Amino acid sequence: MNLPQASHTPRSQVPSGSLLTNLRQELMRFMPFAQMAHDDIDFFLTRVEQHYYAPGEMIVQPSSGAVQSLLLIRQGAVTGKHGLADLSGGAFEFEAGDMFPISAAMARRAVTASYEAVGDTFVLALPVQVMDELAQRSAPFADFLNRRVLTFLELSRQAVQVAYSSQTLAEQSLETRLGKLARKEPVTCRPETPLREALTVMHERRIGSMLVTSQQGEPLGILSRDDILGRITLQGVGLDTPIQQVMVQPVHTLTDEHTAEDAALLMSRHAIRHVPITRDGVVTGIVSERDLFAMQRMSLKQVSSALRGALDVPSLQAGAQEIRRFARNLLSQGVQARQLTALISHLNDVLTERLLELKAKEHGIDISQLCWLALGSEGRSEQTISTDQDNALILPDDILPEQRARVLEFAQDVNQALDACGYPLCKGGIMAGNPACCLTLRQWRERFMHWIEHGAPQDLLNASIYFDFRALAGNSKLAQSLRSEVGRLGQGTPRFLKQLALNALTRVAPLNWVGAIATDEQGGIDLKLQGSAIFVDAARLYALAHGVTATATRDRLVAVGPLMGQAPAEYEAWATGFEFLQMLRLQIQLRSEVAPEQANHIRVEQLNDIDRRILKETFRVARSLQQRLQLDYER
0 MNLPQASHTP RSQVPSGSLL TNLRQELMRF MPFAQMAHDD IDFFLTRVEQ HYYAPGEMIV
60 QPSSGAVQSL LLIRQGAVTG KHGLADLSGG AFEFEAGDMF PISAAMARRA VTASYEAVGD
120 TFVLALPVQV MDELAQRSAP FADFLNRRVL TFLELSRQAV QVAYSSQTLA EQSLETRLGK
180 LARKEPVTCR PETPLREALT VMHERRIGSM LVTSQQGEPL GILSRDDILG RITLQGVGLD
240 TPIQQVMVQP VHTLTDEHTA EDAALLMSRH AIRHVPITRD GVVTGIVSER DLFAMQRMSL
300 KQVSSALRGA LDVPSLQAGA QEIRRFARNL LSQGVQARQL TALISHLNDV LTERLLELKA
360 KEHGIDISQL CWLALGSEGR SEQTISTDQD NALILPDDIL PEQRARVLEF AQDVNQALDA
420 CGYPLCKGGI MAGNPACCLT LRQWRERFMH WIEHGAPQDL LNASIYFDFR ALAGNSKLAQ
480 SLRSEVGRLG QGTPRFLKQL ALNALTRVAP LNWVGAIATD EQGGIDLKLQ GSAIFVDAAR
540 LYALAHGVTA TATRDRLVAV GPLMGQAPAE YEAWATGFEF LQMLRLQIQL RSEVAPEQAN
600 HIRVEQLNDI DRRILKETFR VARSLQQRLQ LDYER
């Protein structure tokens, strides 16, 4: 390693043992060195050259040619600007502990921005050939170069898990693969097996279900203890009857690559207690509700069953509080934001579905003739804890005026009940109880057509909410018909897509002119309006442009990335950045003392070093996504 010189001509010198130890401790405060072996850190330190740069001095720029060294800031700061980095107006700041320019160094190409020192700056330069050697020696170093954002996110998630571990009731993560969870060989029989034989095996083995499979091991049906009374005893079915005559079919199955969370959701949605696990279509195991209870004493099935069994609004109010407690427990397991928001949305769905059942019966409404729509974040299945209502109703075209009036009264009652359960009334009035949101299928088609054809400011605002609709209860075919027509019309109207893009670009990632995080007067930022909304808007636009039917933001980004010709690392960074913002929002909202108006507001100074760094990186990724929008539509 070379000590700082007045010029940039290095003086070859190997640090002494004590200096090497001190330098190693200094680097271990930063990623990826905190995860690297001491020998590998020393390998880095004995092969770098240290350079000094005066304030405003250029370090590397496009005209410098192919990058020769990977640079680590030891002291001071560096800002990147001009070129692609300045398309959105601003730059990006690197601070002590940051490495740059990683992509250019790995690709052996020139940088696309100019990097200059901010204040007195000391930089450690590692030749790219040595960078490759170190990557071969050290997996954490190689992983960091290839998955920088993902690495930071994983560390952040681990920190959250530690912080919440004292509150958890869970003993194992819901992210466990079912292939690892379902370790016992499943007990099966053939379709022609007599009931007497199957029930005897169930009794002797003390198992809760008998899985019926083909000769090749494919699942054909299942019979559980809960089915015996209704399907055998009360029906007077003889015990010599083949099991295929009373088994439940089709069987709800998952593959060994699915997770315990997937199994919990499946059990909750279909009110079942056993899920067969398959590999290449052949049964390899079975997961029971008891297996999931062993993982977490407070289970998804437990919460959703309580919601489904609620007899009145007060019971659902208590259930809404359980959803919050359940979310806190999952956060302590280290469950990812995508899964956590999906679980919260699912439980909110269950609560709303039960409320609709209760109110429909009370008002004499046949919900199967209507379609209750979830809009906005609920429509995307990515609700956080602090969320208001966004919903609507599709009515059949032949509905009579008096029937419509009764449905509207029913919807208004549901909206008020949801408000009582902790889901505030939408300030913009986007609720099924509003006559403007309670329309026939024909009227909805005309309304979406008007938005797409005119594209006025209010139309674009509506598009940001209504275009994420999802059928929650009732006749889902009404929503499917509307989705198909809206998608086809939107994709075929380039002018509307451009207007959506220009509207999305009115949001700006909060980075100042030197690339640091730009905060308000209180030192904070709004993670929703200044962060996640940027990803949501871009994902919605590109999904519409490419005919992608997914509604979840992450699913949209991952689906459109290849269609846009983006490298996997690029669109995965988009998805990861969005998930990180969602996780920060959840952490804020699960603090009991946070006021509703502050539910998405965070003070940057209160973040730990890892979260602050990845937040800045996330905003850089958001800005790069907006740069793509500019290139595609701002011409």
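According to numbering that gives the first Met the number 0, the sequence shown is numbered sequentially starting from 0. All C-beta atoms in this analysis are idealised placements derived from N, C-alpha and C, irrespective of residue type, glycine included. Because the structure is a prediction, the values reported are computed rather than measured.
_Among the candidates L291, A317, T340, L477, whose CA atom is the shortest distance from the CA of S385?_
T340
*Is the beta carbon of S376 less than 8 Å from the beta carbon of L440?*
no
*Quick one: what's got a C-beta closer than 8 Å to G118's C-beta in the same chain, skipping five residues either side?*
P54, G75, A76
_Using a 10 Å radius around the Cβ and a threshold of 16 neighbouring Cβ atoms, would you call A551 buried or exposed?_
buried
*What residue from L44, Q588, S531, L306 has the CA that sits closest to L580's CA?*
S531
_Continuous alpha helix (DSSP H) stretch holding R136: start and end_ = 127-136
_Strand pairing of L278, partner residues [DSSP]_ = First, the residue type needs correcting, since residue 278 is Arg and not Leu in the sequence shown. V281, per the DSSP bridge assignment.
*Proximity winner among F468, E191, L233, S623, relative to G220 (alpha-carbon distances)*: E191
*Mind checking whether I101 and L69 have CB atoms under 8 Å apart?*
yes
_Which of helix, strand or coil DSSP assigns to W443_ = helix
_Our contact map puts C420 next to Q316 with C-beta atoms below 8 Å; I'd like the distance itself, whole angstroms only._
5 Å
*Locate the alpha helix (DSSP H) running through D458, then write down its first and last residues.*
456-465
*Please go through the same chain and pick out, in chain order, the residues whose beta-carbon is closer than 6 Å to the beta-carbon of L71, but skip the five residues on each side of it.*
M98, L123
*Could you say if the stretch 598-610 and the stretch 512-524 meet the contact criterion of at least three C-beta pairs nearer than 8 Å?*
yes
*Please determine if the stretch 607-624 and the stretch 355-368 are in contact, where contact requires at least 3 C-beta pairs separated by less than 8 Å.*
no
_Strictly by DSSP, which residues pair up with H600?_
D525
*Of the choices G284, R622, R337, whose alpha-carbon is the least far from that of L635?*
Nothing can be reported for residue 635: it is not among the residues displayed for the chain, which extend from 0 to 634.
*Contact between the stretch 453-462 and the stretch 498-513: three or more CB pairs below 8 Å?*
yes
*So, using beta-carbon positions, are T277 and R176 closer together than 8 Å?*
no
*asked:* Tell me the DSSP secondary structure of D412 in three-state form.
replied: helix
*Ordered along the chain, which non-local residues of its own chain (more than five positions away) have a Cβ less than 7 Å from that of G207?*
S223, R224, R272, H273, S287
*Check whether the stretch 430-449 touches the stretch 464-484, taking contact to mean three or more Cβ pairs, one atom from each stretch, closer than 8 Å.*
yes
*asked:* So, for P434: in the same chain, excluding its five sequence neighbours on each side, which residues have a beta-carbon less than 8 Å away from its beta-carbon?
replied: L407
_Touch test, the stretch 529-546 against the stretch 554-566, Cβ-Cβ under 8 Å, three pairs minimum_ = yes
*Does the beta-carbon distance from F577 to R611 come in below 8 Å?*
no
*asked:* Taking the straight line between their C-alpha atoms, what separation do you get for V47 and Q335?
replied: 37 Å
_Buried or exposed (CB count within 10 angstroms, at least 16 for buried), S623_ = buried
*Could you give the DSSP three-state label for E633: helix, strand or coil?*
coil
*asked:* Please state the DSSP three-state secondary structure of R108.
replied: coil
*Whole angstroms is fine: what's the gap from D418's alpha carbon to R487's?*
35 Å
_If the criterion is Cβ atoms closer than 8 Å, does the pair T78 and E115 meet it?_
yes
*Work out the CA separation of R482 and G546 for me, nearest whole Å.*
11 Å
_Contacts around V247, its chain only, beta-carbon distance under 7 Å, and the 5 residues preceding and following it disregarded_ = G220, I221, L222, D226
_Proximity of V127 and Q67 at Cβ, strictly below 8 Å_ = yes
*Return the CA-CA distance between V281 and Q411, expressed in angstroms with no decimal places.*
49 Å
*Which of helix, strand or coil does DSSP assign to A124?*
strand
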